[in-house]
Every structure is written in structure tokens, then in C-alpha cells.
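**Q**
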Amino acid sequence: MLHKFKKIDYSIVFILVILMVISIMAIYSTTFGRPKVEGFSKNMIVFYVLGFVVFFGMSMINYKFIVKNYLYIYGLGLLLLVLVLFIGNEYYGAQGWLSIGGISLQPSELFKLCLIVMLSTLLAKKKNRPLFFGRDVIPISLCVLPPLLLVLLQNDLGAVLSYIFIWIGLLWIGNIKFSHALIGFVLAVSAIVAGIQAYIHYHDEITGFLKDIKRAHWAERFDPWLVPELTSRDVLWQTYNAKLAIGSGGVTGKGYMEGTTIQSNRVPLAYADSIFVQIGEEFGFVGASVLLLLYFILIHRLVLIALECKDRVGAYLIVGIIAMILYQVFVNIGPFIGLMPLTGITLPFISYGGTSLLINMISMGIAMSIKVHTEENEDILGAAEQPSITELILKLFRRKPVQQEQPEQ
Numbered sequence: 081m082l083h084k085f086k087k088i089d090y091s092i093v094f095i096l097v098i099l100m101v102i103s104i105m106a107i108y109s110t111t112f113g114r115p116k117v118e119g120f121s122k123n124m125i126v127f128y129v130l131g132f133v134v135f136f137g138m139s140m141i142n143y144k145f146i147v148k149n150y151l152y153i154y155g156l157g158l159l160l161l162v163l164v165l166f167i168g169n170e171y172y173g174a175q176g177w178l179s180i181g182g183i184s185l186q187p188s189e190l191f192k193l194c195l196i197v198m199l200s201t202l203l204a205k206k207k208n209r210p211l212f213f214g215r216d217v218i219p220i221s222l223c224v225l226p227p228l229l230l231v232l233l234q235n236d237l238g239a240v241l242s243y244i245f246i247w248i249g250l251l252w253i254g255n256i257k258f259s260h261a262l263i264g265f266v267l268a269v270s271a272i273v274a275g276i277q278a279y280i281h282y283h284d285e286i287t288g289f290l291k292d293i294k295r296a297h298w299a300e301r302f303d304p305w306l307v308p309e310l311t312s313r314d315v316l317w318q319t320y321n322a323k324l325a326i327g328s329g330g331v332t333g334k335g336y337m338e339g340t341t342i343q344s345n346r347v348p349l350a351y352a353d354s355i356f357v358q359i360g361e362e363f364g365f366v367g368a369s370v371l372l373l374l375y376f377i378l379i380h381r382l383v384l385i386a387l388e389c390k391d392r393v394g395a396y397l398i399v400g401i402i403a404m405i406l407y408q409v410f411v412n413i414g415p416f417i418g419l420m421p422l423t424g425i426t427l428p429f430i431s432y433g434g435t436s437l438l439i440n441m442i443s444m445g446i447a448m449s450i451k452v453h454t455e456e457n458e459d460i461l462g463a464a465e466q467p468s469i470t471e472l473i474l475k476l477f478r479r480k481p482v483q484q485e486q487p488e489q
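The opening residue of the sequence shown carries number 81 in the numbering used here; numbering runs sequentially from there.
Set out below in C-alpha cells:
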């Protein structure tokens, strides 16, 4: 056991500790003097203690056990998504929480890991050959469809988009053919552009339809981004004040607990979805840059673990975890600088939330397990049959060249 602890990447542990300090300080600043949420910083300390216990525990468990039970993990995740439709609690317009023994659990967050494990294992079984559209891409993609539909029924648009991002990231690194990727990219961009234009030109009809299907809050997320001139002041309140606060922070910020916008409670959910606003206003450009640098270093360390991994499925798992973290960071910060609509996604390791933090710490534990056990599990799903389409993928998943498989006739 001791030799496993010696293999842990303690630079990642150090980054997580710094993120913990930033999180607790930010939550304390955004909840101070507000009776309903004032104890959230203490709760976050408890969540982080549990998170580090889970992190080190997962590091000691051989990730091969998780890979071998991928079907059970995927099935359990789907079961929880189904249960939440019947016995789930609703918060902020989304019915996505289960209460178990007084503890709230968000299955849609947990399923991100389940999806990463499922897709990584299926892709690794393809033995690094180019993916055929009918035989590989479609069956793998069908695994994403049930959770997408279930989470849509829960009214959680942010989780839906995260599943799509994880799916795209793993398909790309899983050796999808370039022609298929290019076609998919063109179709996706065309659909996004057409959707934006349709939303702008048929705004009243679309918002009316969303109200009819009880998804009116989706329009409240898109309106400040796409049609601010048609948006009410109440809907613009969060994004307007968030941009104002970040801009007023300047280079070095106004000082800890000195942010006028944050301390006057003019940014909703400043301790959760909008916590980046507190960092931008009270610590300025320097503070925001330091936070982004910490994420960059964390991702860099994960990439290094993937490069050193001798097992293909381990590298896929890390790529899925990287995709999940990158998506959360971009989608959380993007709305406050005008890049995209609000989606209600938490900022990893910083925002208040037990489920989100524990899922992210489990993810880091799985990545660390891959590093600790990589020498014991050289390609547990079989030898590779064909190199990847680029030198980067070859270096990522293989150290030695392998013989090429004959393509299907």
C-alpha cells in the first residue's frame, strides 16, 4: 500500500488543496451575513474532507475493477436517472435531485462518470483502429441517447450539453475517421448557426412553444445572450450585474470581501453557479488568471498521465475526465463574459455543491489510480491492431508501432 502512495502525483494534490482554499474563501465571501446560506463555507470544508478521502481511496483501487464492471456502472447510472423522474426533488426548475438519508444527490452529475467509463471501455475494445460509422460510431452513440432523453425530461439542459461534449471528445480521440468528423463538424456548426438565426427571427413563437412545454426558463437563459434588447430587466439582472462586477474588478480587484456587487447580493447564486464573479470582482484580472492557470496545470498533469499510460482504456478515461472538466470551466465562465448563455453548470472544485465536488474528486482519484496502477495493467483489453491516424494519438496510446489490420471489404 505504501508504495502506491509514493506513485501519487502530489502536484495534482497540491493544486486541489489550493482550489479548496480558493473555494472556501470565495463561498465565505459570498454567503457572509446571509442567514440562509451563511454556513455553506463550513459545509464545503466537510465536502472537501470527504472528497480527499474519496480521492485517495479511489487512487488505491485498481481502475481495472471499474472497467470490468462498466455495464453495471452504466446500468446503475441509468436507474438513478429514471428514479429521479418519479421521486426526485425540483430545484431552480430542474427535477434532478434524490434525497437519500437526508443527503441530496444529483444523478445527472454522477452519470457523467458512468458515461465516461462506458464510452471509454467500448472505444478501447475497438483496439485503436479507425471507427466505422455503421458498426462503431452509431452503436457507441446510442449509449448516449437514453441518458440524454432522461435528463431532458428532468429539465437539465446543462447536463445534456455536458454528455454531448464528453461523447464528442471521446469519439475524436477514439480514432473516428477524419471524413466523418469533418461532416459532423459542418453539420453541427450549420445547426447551431441555423438555430441561432431561427431563435432571433422567430423569438415569440419559440418562447411561446417553450412556455407550452414548461421550459420557459430555457428562453430566460438564451435571451440575454442572443436578444438582449427584447429581454426584460429581471431576466438580464444576473448577467448584467455579473459583467459589471467582473469589469469593475480591474487588474487586481477590489479586495477580499470588498466587492460592492457581490456583497450587496446583486448576483444570484454567487456561491454556486456565479462564483467566478466573486473572484473577478474581488481579485480582478490577476485572480481570475491565477484560477485559470491552476486549471491549465491540472489539465496538463492529466495529459502527462495519459501519455505515460500503457493501457488504452486508461488513456480514454483520462481524456473523458479532461473533456468533462474543460466543459464545466468554459460553460461556467462563458456566460459572464458574453460568450454563451447561462446553463447552470458549476465551476469545478470552486462552486458550492457536494455532489459536483465529490464527482470531480472521484474523477481525479480514477486518474490517479491509472497512474499508480499503469504498470500492472498494460492494455487490459487486448493488444492494439492498428496505429491511430495522427502521430499525436500514436504517442498518446502506444509507445511501439503495431501491425496494421486489413480494412473491411
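Cβ coordinates follow ideal geometry from the N, Cα and C atoms, glycine included.
Between the segment 105–122 and the segment 158–165, do three or more beta carbon pairs fall short of 8 Å?
**A** The segment 105–122 is not in contact with the segment 158–165.
**Q** Return the CA-CA distance between Leu233 and Pro348, expressed in angstroms with no decimal places.
**A** For the purposes of this step, residue 233 is identified with residue 153 of the sequence shown, where counting begins at 1. For the purposes of this step, residue 348 is identified with residue 268 of the sequence shown, where counting begins at 1. Their Cα atoms are separated by approximately 25 Å.
**Q** Where does Glu338 fall in DSSP's three states?
**A** Locating residue 338 in the sequence shown gives position 258, counting from the first residue. In the structure shown, Glu338 sits in coil (DSSP, three-state: anything other than H, G, I, E or B).
**Q** Could I get the ranges of all uninterrupted alpha helix (DSSP H) runs contained in the segment 284–362, with 4 residues as the minimum, in chain order?
**A** Complete alpha helix (DSSP H) runs here, min 4: 296–306, 313–328 and 340–343.
**Q** Whole angstroms are fine: how far does the CA of Leu438 sit from the CA of Lys291?
**A** Counting from 1 along the sequence shown, the entry for residue 291 is found at position 211. Counting from 1 along the sequence shown, the entry for residue 438 is found at position 358. If I take the Cα positions, the gap works out to 34 Å.
**Q** Just to confirm my understanding: we take Lys257, look at its own chain, exclude 5 residues before and 5 after, and list those with CB closer than 6 Å. What are they?
**A** Here the question's residue 257 lines up with position 177 in the sequence shown. If we look at Lys257 and ignore the five residues flanking it on each side, its Cβ neighbours are Pro210.
**Q** Roughly how many whole angstroms lie between the Cα atoms of Asp303 and Leu422?
**A** For this step, residue 303 is matched to residue 223 along the sequence shown. For this step, residue 422 is matched to residue 342 along the sequence shown. Each residue's Cα considered, the two are about 10 Å apart.
**Q** Closer than 6 Å by C-beta to Val126: which residues in its own chain qualify, once you throw out the five before and the five after it? Chain order, please.
**A** The residue you call residue 126 lines up with position 46 of the sequence shown. Once the five neighbours on either side are set aside, Val126 has no close Cβ partner at all.
**Q** Taking the C-alpha atoms as reference points, what is the distance between Ile244 and Leu250?
**A** The sequence position of residue 244 within the sequence shown is 164, counting from 1. The sequence position of residue 250 within the sequence shown is 170, counting from 1. Straight-line Cα distance between these residues: approximately 10 Å.
**Q** If Met337 and Glu362 are in contact, beta carbons under 8 Å, what's the gap, nearest whole angstrom?
**A** Residue 337 sits at position 257 when you count from the first residue of the sequence shown. Residue 362 sits at position 282 when you count from the first residue of the sequence shown. With a Cβ gap of about 7 Å, Met337 and Glu362 count as contacting.
**Q** Alpha carbon to alpha carbon, how far is Gly433 from Gly364? Give it in angstroms, no decimals.
**A** Position 284 of the sequence shown, counted from the start, is the residue given in the question as residue 364. Position 353 of the sequence shown, counted from the start, is the residue given in the question as residue 433. Taking the straight line from one Cα to the other gives about 24 Å.
**Q** So does the segment 207–221 actually touch the segment 134–152, counting three or more Cβ pairs closer than 8 Å?
**A** As far as the Cβ criterion goes, the segment 207–221 does not touch the segment 134–152, which means the pair count is below three.
**Q** What residues match up with Ser184 in a beta bridge as DSSP calls it?
**A** Taking the sequence shown and counting its residues from 1, the one referred to as residue 184 is at position 104. Answer is Ser179, bridged to Ser184.
**Q** Excluding the 5 residues flanking Leu237 on each side, which residues of the same chain have their C-beta closer than 7 Å to its C-beta?
**A** As a position in the sequence shown, residue 237 is number 157, starting the count at 1. Result list for Leu237: Trp298 and Thr423, in chain order.
**Q** To the nearest angstrom, how far is it from the Cα of Ile183 to the Cα of Ile413?
**A** The residue given as residue 183 occupies position 103 in the sequence shown. The residue given as residue 413 occupies position 333 in the sequence shown. Rounded to whole angstroms, Ile183 to Ile413 spans 28 Å at the Cα level.
**Q** Looking at Ile377: is its Cβ nearer than 8 Å to the Cβ of Ser443?
**A** The residue given as residue 377 occupies position 297 in the sequence shown. The residue given as residue 443 occupies position 363 in the sequence shown. Contact: no.
**Q** Is the Cβ-Cβ distance between Ser328 and Thr319 less than 8 Å?
**A** By one-based count along the sequence shown, residue 328 stands at place 248. By one-based count along the sequence shown, residue 319 stands at place 239. Against a cut-off of 8 Å, the Cβ pair of Thr319 and Ser328 comes out as no contact.
**Q** Let's test the definition: count the other Cβ atoms within 10 Å of the Cβ of Asp284 and tell me whether it reaches 16, buried, or not, exposed.
**A** Numbered from its first residue, the sequence shown carries residue 284 at position 204. The residue is exposed, with fewer than 16 neighbouring Cβ atoms inside 10 Å.
**Q** Would Arg479 be called buried (16 or more neighbouring beta carbons within 10 Å of its own) or exposed?
**A** Counting from one through the sequence shown, the residue named residue 479 turns up at place 399. With a pLDDT of only 42 at Arg479, under the threshold of 50, the placement of this residue in the model should not be trusted, and no figure is reported.
**Q** Between Arg114, Thr311, Leu151 and Val366, which lies nearest to Leu202 when the distance is taken from Cα to Cα?
**A** Position 122 of the sequence shown, counted from the start, is the residue given in the question as residue 202. Closest option to Leu202, Cα to Cα, is Leu151.
**Q** Please go through the segment 84–137 and give each complete beta strand (DSSP E) segment of 3 or more residues, from N-terminal end onward.
**A** Whole beta strand (DSSP E) segments, 3+ residues: zero.
**Q** Do Val393 and Val147 have their beta-carbon atoms positioned less than 8 Å apart in this structure?
**A** As a working mapping, residue 147 is identified with position 67 in the sequence shown. As a working mapping, residue 393 is identified with position 313 in the sequence shown. Contact flag set, yes.
**Q** If we count the other Cβ atoms within 10 Å of its Cβ and call it buried at 16 or more, is Pro219 buried or exposed?
**A** Here residue 219 refers to the residue found at position 139 when the sequence shown is read from its first residue. Flag for Pro219 reads exposed.
**Q** Please list the terminal residues of the continuous alpha helix (DSSP H) segment that includes Tyr432.
**A** Locating residue 432 in the sequence shown gives position 352, counting from the first residue. Tyr432 -> no alpha helix (DSSP H), and no H or E assigned at all.
**Q** Check the C-beta distance from His504 over to Tyr143 and give it rounded, since I have them as a contact under 8 Å.
**A** The structure shown does not extend to residue 504, since the chain spans only 81 to 489, so no value can be given for it.
**Q** Among Phe212, Lys86, Leu190 and Met420, which has the Cα closest to the Cα of Leu156?
**A** Taking the first residue of the sequence shown as 1, we reach residue 156 at position 76. Looking at the Cα atoms, Leu190 is the closest of the given residues.
**Q** Identify the residues that DSSP records as bridge partners of Ile256: which are they?
**A** As a position in the sequence shown, residue 256 is number 176, starting the count at 1. DSSP output for Ile256 lists Leu211 as bridge partner(s).
**Q** Within a Cβ cutoff of 7 Å, which residues of the same chain sit near Leu476, ignoring the five residues on either side of it in sequence?
**A** Mapped onto the sequence shown, residue 476 falls at position 396. Its pLDDT being 42, under 50, Leu476 is placed unreliably in this model, and the value from its coordinates should be taken loosely. The residues are Ala386, Leu387 and Ala395.
**Q** Under DSSP, the alpha helix (DSSP H) around Lys144 begins and ends at which residues?
**A** Looking up residue 144 in the sequence shown gives position 64. It spans Tyr143 to Lys148 - the alpha helix (DSSP H) in which Lys144 sits, taken as one unbroken run.
**Q** So for Asp216, helix, strand or coil by DSSP?
**A** The residue labelled residue 216 in the question sits at position 136 within the sequence shown. Reduced to three states, the DSSP call for Asp216 is helix.
**Q** Mapping DSSP to helix, strand and coil, what is Lys192?
**A** Counting from one through the sequence shown, the residue named residue 192 turns up at place 112. Helix.
**Q** Give me, in chain order, the residues of the same chain whose beta-carbon lies closer than 6 Å to that of Thr287; leave out the 5 immediate sequence neighbours on both sides.
**A** In the sequence shown, residue 287 corresponds to position 207, counting from 1. These residues qualify, in order along the chain: Ala299.
**Q** I need the straight-line Cα distance from Val307 to Met420, nearest angstrom please.
**A** On the sequence shown, residue 307 is found 227 positions in, with the first residue counted as 1. On the sequence shown, residue 420 is found 340 positions in, with the first residue counted as 1. Going from the Cα of Val307 to the Cα of Met420 covers about 12 Å.
**Q** Give me the Cα-Cα distance between Leu324 and Tyr282, rounded to the nearest whole angstrom.
**A** The count along the sequence shown starts at 1 and reaches residue 324 at position 244. The count along the sequence shown starts at 1 and reaches residue 282 at position 202. Going by the C-alpha atoms only, they are around 30 Å apart.
**Q** When you compare each of Gly264, Ile153, Ile446 and Gln186 to Asn169 by their alpha carbons, which one comes out closest?
**A** Position 89 of the sequence shown, counted from the start, is the residue given in the question as residue 169. The residue with the shortest Cα to Cα distance from Asn169 is Gln186.
**Q** Relative to the alpha-carbon of Ala322, which residue among Ala296, Ile359 and Val129 has its alpha-carbon at the smallest distance?
**A** As a first step, residue 322 is located in the sequence shown; it is residue number 242 there, counting from the start. Of Ala296, Ile359 and Val129, the residue nearest in Cα terms is Ile359.
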